[in-house]
Amino acid sequence: MTSLNQSYLSSIEGLNLYKYNEYPVIVGNPKKTTALCVVWQDREKVADHFPHLKEEFAIIGNLRSAFGINIILYNLALNPHIKNLVVWGPDKLSNTDIGITGKNTLLSLWQKGLKQNKQILGTDYKLVEEIDLSVTEKILKNVRLHDVRGQEKLIVSKTFKEEKPYMKPVIFPEFVVKSSETLPSEEYTYTIREKKGANAYLSLLYSIWKYGEKAQIDTGGEDLKEIRGAVVVVEDENPDDIYLPLWIKSKTLNFIEHNLENYYKTQFSADSYRKKIFEDVYLFERPRDYAYLYAELMYALPRLKEIDSAVWRLFKEKGYLSSRKFIMSNSQLQKRDTKVLTKKIEKKIKSEKKRLQIMLEAFIPATDQIAYVIERIKRKPADLDKEVVLWDVRRDTKLESGRPCINKLSFSVRRGKINVHVFARSHDIARAWFYNFYGVAKLLGKICKETGYIPGYIIIESESAHIYQRDWDAVKELVANEIQEKDPRMYFDPYLDSDPRGIVNISVAENIIKIKLQDTKSGKLLFEFDVKTAREALYKLKHYNFISRTDHAIFIGTELAKAELCIKLGIPYKYDNPIKLPSGKIIAG
Numbered sequence: 017m018t019s020l021n022q023s024y025l026s027s028i029e030g031l032n033l034y035k036y037n038e039y040p041v042i043v044g045n046p047k048k049t050t051a052l053c054v055v056w057q058d059r060e061k062v063a064d065h066f067p068h069l070k071e072e073f074a075i076i077g078n079l080r081s082a083f084g085i086n087i088i089l090y091n092l093a094l095n096p097h098i099k100n101l102v103v104w105g106p107d108k109l110s111n112t113d114i115g116i117t118g119k120n121t122l123l124s125l126w127q128k129g130l131k132q133n134k135q136i137l138g139t140d141y142k143l144v145e146e147i148d149l150s151v152t153e154k155i156l157k158n159v160r161l162h163d164v165r166g167q168e169k170l171i172v173s174k175t176f177k178e179e180k181p182y183m184k185p186v187i188f189p190e191f192v193v194k195s196s197e198t199l200p201s202e203e204y205t206y207t208i209r210e211k212k213g214a215n216a217y218l219s220l221l222y223s224i225w226k227y228g229e230k231a232q233i234d235t236g237g238e239d240l241k242e243i244r245g246a247v248v249v250v251e252d253e254n255p256d257d258i259y260l261p262l263w264i265k266s267k268t269l270n271f272i273e274h275n276l277e278n279y280y281k282t283q284f285s286a287d288s289y290r291k292k293i294f295e296d297v298y299l300f301e302r303p304r305d306y307a308y309l310y311a312e313l314m315y316a317l318p319r320l321k322e323i324d325s326a327v328w329r330l331f332k333e334k335g336y337l338s339s340r341k342f343i344m345s346n347s348q349l350q351k352r353d354t355k356v357l358t359k360k361i362e363k364k365i366k367s368e369k370k371r372l373q374i375m376l377e378a379f380i381p382a383t384d385q386i387a388y389v390i391e392r393i394k395r396k397p398a399d400l401d402k403e404v405v406l407w408d409v410r411r412d413t414k415l416e417s418g419r420p421c422i423n424k425l426s427f428s429v430r431r432g433k434i435n436v437h438v439f440a441r442s443h444d445i446a447r448a449w450f451y452n453f454y455g456v457a458k459l460l461g462k463i464c465k466e467t468g469y470i471p472g473y474i475i476i477e478s479e480s481a482h483i484y485q486r487d488w489d490a491v492k493e494l495v496a497n498e499i500q501e502k503d504p505r506m507y508f509d510p511y512l513d514s515d516p517r518g519i520v521n522i523s524v525a526e527n528i529i530k531i532k533l534q535d536t537k538s539g540k541l542l543f544e545f546d547v548k549t550a551r552e553a554l555y556k557l558k559h560y561n562f563i564s565r566t567d568h569a570i571f572i573g574t575e576l577a578k579a580e581l582c583i584k585l586g587i588p589y590k591y592d593n594p595i596k597l598p599s600g601k602i603i604a605g
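Mapping of the sequence shown onto this note's numbering: residues 17 to 605, in sequence order.
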């Protein structure tokens, strides 16, 4: 508690108010002992529509969130002659799920009280640290709360009498709003669009750092920050020259070219694992220290174990000829080719067991899913049948660990480009995401070269996009250096900032705001409509869903406000230009 002589205190018509300019209220009759909380209603409109209320109440204010309870307590402590608080909110907004949250928390405070840590009983909300607990208890004891939400028209009680203050005025210390570790968010599905993978990676890290919920998954009890359903779209990456800014090569992340290339060769290329066992017959050998290998799942998806078991059981029980017959009858080659190759194998290889091993790989080989994708792109480019599945439901659903994090890659051909959509069930973003992106980008480049198409979008969708606790310090430092402490770019870049849904152009004619949607590249007129006010335009643009980018929406909002202002001032409006007054003064630039 401090003295009343504070810079954050205002005296308005005899009432002491906390930060009046930041948290404005309507001052009525300062002698009255009653304050009115109108919840989500417009307090100015309430006072204008019911002018007698300014005579009946000392203060008229809002409560639009639980945070506003702090301001109510600050002002009640400053004005201890106020001994009645009336809560009145018959409007629709005050009775929505959002509207009732603050109101119900206020009621809980008066009905149930506070814990020692200043958490309101029956809720998750805690008051700011600067509010004194003993003073608050005195307020709750002496100020009566009147809940009249059900009244359509407020009836002011005649029993509210002027009484002596129940204590001396108290000002709590100025509170400091601390930055929350996790900001509120949409909880599921976060979409990030960037031209380059590195920028998308940084945006994804930032989103998790600011909006991720703390959670635990089966990782030995280590905490993580997680967002669900992250969809990252990279629009213009060159697989032959992947963008690597200096920050991504730093010691913190260590995504240097050598490591990235080694990852691609290890996980997204089969060359180093293929062993030639007979003429054009190859065996894919996965190192024993890998629980799984994306390269194996993509280029040499193992055949059914039951086939190998049957071959070796027949060999043991009935001999070589029975095993050979089984393999040849299940061969994926043409009959003639199967017979020709069998003769070659039997002529050159003496060991019956080795013959059978070669025949298995030659006639019933592991599945090269990438080869199938390339073949289908060449043969049926428009069809949606180019899937690479990395999850074996018979095996992986039974395992507790050692399962692929990436489950599927889906390729599609549109407008002369090949796009790839990657699905990941569990994604270590700090340490694995950019490696995965690099590998996918290089794989896309390889497929494009073999089919004659251009690389298109790379979409990576992560069911659980998370950062492990061991990486929090590194991510915090990176986010601070590259986003939070970095000055934003203060100009429009057509390459980076253009809205793919089109350009919204605004003009004014005969006091009507005219809105046109035009194609970003050709300028072709796509849609148009007229409005009288900026607010009307806001709701129509929202209804039609013409704008995909936040920066575009903000810019259009400022232009609509300028257009309406020009109409009211009777001066010309020029799109994307400052307003020039008749006096020559420039405003709203």
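No residue lacks a Cβ here, since even glycine has one placed at the ideal position from N, Cα and C.
Keep in mind the model is a prediction, meaning the values are calculated, not measured.
Trp225 versus Ser201 - alpha carbon distance:
Translated into the one-based positions of the sequence shown, residue 225 becomes position 209. Translated into the one-based positions of the sequence shown, residue 201 becomes position 185. Near 12 Å, if we compare the C-alpha coordinates of Ser201 and Trp225.
Given a threshold of 16 other Cβ atoms within 10 Å of its Cβ, counted over all protein chains shown, does Ser23 qualify as buried or as exposed?
On the sequence shown, position 7 is the one that residue 23 refers to. Ser23 should be labelled exposed.
Here's the rule: buried if 16 or more other CB atoms are within 10 angstroms of the residue's CB, otherwise exposed. What is Asn91?
In the sequence shown, residue 91 corresponds to position 75, counting from 1. Counting other Cβ atoms within 10 Å of its Cβ, Asn91 reaches 16 or more and is therefore classed as buried.
CB of Gly245 within 7 Å of CB of Thr205, strictly
As a first step, residue 245 is located in the sequence shown; it is residue number 229 there, counting from the start. As a first step, residue 205 is located in the sequence shown; it is residue number 189 there, counting from the start. In contact: Gly245 and Thr205 (Cβ atoms closer than 7 Å).
So does the stretch 444-455 actually touch the stretch 262-281, counting three or more Cβ pairs closer than 8 Å?
yes
Cα-Cα, which of Phe571, Arg319, Glu251 and Arg160 is closest to Arg411?
Position 395 of the sequence shown, counted from the first residue, corresponds to residue 411. Of Phe571, Arg319, Glu251 and Arg160, the residue nearest in Cα terms is Arg319.
Contacts around His568, its chain only, beta-carbon distance under 8 Å, and the 5 residues preceding and following it disregarded
The residue you call residue 568 lines up with position 552 of the sequence shown. If we look at His568 and ignore the five residues flanking it on each side, its Cβ neighbours are Asp513, Asp515 and Val520.
For the putative contact between Leu460 and Val436, defined by C-beta atoms under 8 Å, what is the C-beta separation to the nearest angstrom?
As a working note, residue 460 is residue 444 in the sequence shown. As a working note, residue 436 is residue 420 in the sequence shown. That belief holds up - the Cβ atoms of Leu460 and Val436 are roughly 5 Å apart, short of 8 Å.
I'd like the list of long-range same chain contacts for Tyr315, defined as Cβ closer than 6 Å, with 5 residues on each side in sequence excluded.
Residue mapping note: residue 315 aligns to position 299 of the sequence shown, counting from 1. Only Ala286, Asp384 and Ile386 meet the Cβ criterion.
Pull up the DSSP beta-bridge partners for Phe439, would you.
Here the question's residue 439 lines up with position 423 in the sequence shown. Paired residue(s): Lys424 and Glu477.
Taking Glu179 as the reference, give the member of Ala496, Lys47 and Phe543 with the closest Cα.
Taking the first residue of the sequence shown as 1, we reach residue 179 at position 163. Per the Cα distances, Lys47.
Which term fits Pro510, buried or exposed, when burial requires 16 or more other beta carbons within 10 angstroms of its beta carbon?
As a first step, residue 510 is located in the sequence shown; it is residue number 494 there, counting from the start. Exposed.
Going by Cα to Cα distance, which pick from Asn527, Asn133, Ala604 and Gly518 is closest to Ser538?
Sequence index remark: in the sequence shown, residue 538 carries index 522 (1-based). Nearest of Asn527, Asn133, Ala604 and Gly518 to Ser538, Cα basis: Gly518.
Contact between the stretch 468-480 and the stretch 257-267 is defined here as three or more beta-carbon pairs at a separation below 8 Å; is this criterion met?
no
Go through the stretch 445-502 residue by residue and report every complete run of the beta strand (DSSP E) that reaches 3 residues or more, in order.
Listed in chain order, they are 470-484.
Rank Leu240, Trp56 and His65 by C-alpha distance to the C-alpha of Ile116 and give the top, closest one.
Locating residue 116 in the sequence shown gives position 100, counting from the first residue. Ranking Leu240, Trp56 and His65 by Cα distance to Ile116 puts Trp56 first.
Is the beta carbon of Lys230 sitting closer than 7 Å to the one on Lys241?
Position 214 of the sequence shown, counted from the start, is the residue given in the question as residue 230. Position 225 of the sequence shown, counted from the start, is the residue given in the question as residue 241. At a Cβ-Cβ threshold of 7 Å, Lys230 and Lys241 count as neighbours.
Return helix, strand or coil for Gly84, following the three-state DSSP convention.
Reading the sequence shown from its first residue, position 68 is the one you call residue 84. Residue state, collapsed to three classes: helix.
In the DSSP assignment, find the unbroken beta strand (DSSP E) run with Asp239 in it and report its ends.
The sequence position of residue 239 within the sequence shown is 223, counting from 1. Per DSSP, Asp239 belongs to the beta strand (DSSP E) from Asp239 to Val250.
Report the three-state DSSP secondary structure of Val164 (helix, strand or coil).
In the sequence shown, residue 164 corresponds to position 148, counting from 1. In this structure, Val164 counts as coil in the three-state DSSP scheme.
Phe453 to Leu533, Cα distance in whole Å?
The sequence position of residue 453 within the sequence shown is 437, counting from 1. The sequence position of residue 533 within the sequence shown is 517, counting from 1. Cα to Cα, the separation comes out at about 34 Å.
Run the CB neighbour count on Ser564, radius 10 Å, all protein chains shown included, and call it buried at 16 or more, exposed below.
Walking along the sequence shown from the start, residue 564 turns up at place 548. It counts as exposed.
Less than 8 Å between the CB atoms is what I'm expecting for Tyr451 and Leu276, so what's the real figure, rounded?
Residue numbering aside, residue 451 sits at position 435 when the sequence shown is read from its first letter. Residue numbering aside, residue 276 sits at position 260 when the sequence shown is read from its first letter. With a Cβ gap of about 7 Å, Tyr451 and Leu276 count as contacting.
Are Glu580 and Thr549 close, meaning C-beta to C-beta below 7 Å?
On the sequence shown, residue 580 is found 564 positions in, with the first residue counted as 1. On the sequence shown, residue 549 is found 533 positions in, with the first residue counted as 1. For Glu580 and Thr549, yes; Cβs fall inside 7 Å.
Val103 vs Asp163 beta-carbon contact at 7 Å:
On the sequence shown, position 87 is the one that residue 103 refers to. On the sequence shown, position 147 is the one that residue 163 refers to. Yes.
Give me, in chain order, the residues of the same chain whose beta-carbon lies closer than 6 Å to that of Val43; leave out the 5 immediate sequence neighbours on both sides.
In the sequence shown, residue 43 corresponds to position 27, counting from 1. So the qualifying residues of the chain are Ile28, Glu29 and Leu31.
Three or more C-beta pairs below 8 Å linking the stretch 135-148 and the stretch 71-90:
yes
State the Cα-Cα distance for the pair Leu340 and Leu372, rounded to the nearest angstrom.
Reading the sequence shown from its first residue, position 324 is the one you call residue 340. Reading the sequence shown from its first residue, position 356 is the one you call residue 372. Looking at the sequence provided, one finds Arg at residue 340 rather than Leu. Whole-angstrom Cα-Cα distance: 7 Å.
Is the distance from the Cβ of Thr152 to the Cβ of Ile98 below 7 Å?
Position 136 of the sequence shown, counted from the first residue, corresponds to residue 152. Position 82 of the sequence shown, counted from the first residue, corresponds to residue 98. No; because the gap between Cβ atoms is not below 7 Å, this pair is not in contact.
Pull the bridge partners of Cys53 from the DSSP assignment, please.
The sequence position of residue 53 within the sequence shown is 37, counting from 1. Answer by DSSP bridge pairing, in chain order: Gly77 and Val103.
Would you decide whether Ile463 is buried or exposed? Buried here means 16 or more other CB atoms lie within 10 Å of its CB.
Taking the first residue of the sequence shown as position 1, residue 463 is located at position 447. Under this definition Ile463 is a buried residue.
Given Lys7, which residues of its chain have a CB within under 7 Å of its CB, disregarding the five upstream and five downstream residues?
Residue 7 is absent from the structure shown; the chain starts at 17 and stops at 605.
Starting from Thr207, trace the beta strand (DSSP E) in both directions and tell me its first and last residue.
Mapped onto the sequence shown, residue 207 falls at position 191. First-last of the beta strand (DSSP E) with Thr207: Tyr204 to Glu210.
In terms of residue numbering, what span does the beta strand (DSSP E) encompassing Ser523 cover?
Locating residue 523 in the sequence shown gives position 507, where the first residue counts as 1. Per DSSP, Ser523 belongs to the beta strand (DSSP E) from Ile519 to Ala525.
Between which two residues does the beta strand (DSSP E) carrying Gln534 extend?
Locating residue 534 in the sequence shown gives position 518, counting from the first residue. Gln534 -> beta strand (DSSP E) spans Ile528 to Gln534.
Exposed unless 16 or more other CB atoms sit within 10 angstroms - verdict on Tyr591
By 1-based counting over the sequence shown, the position of residue 591 is 575. Of the other Cβ atoms in all chains shown, fewer than 16 fall within 10 Å of the Cβ of Tyr591; this residue is therefore exposed.
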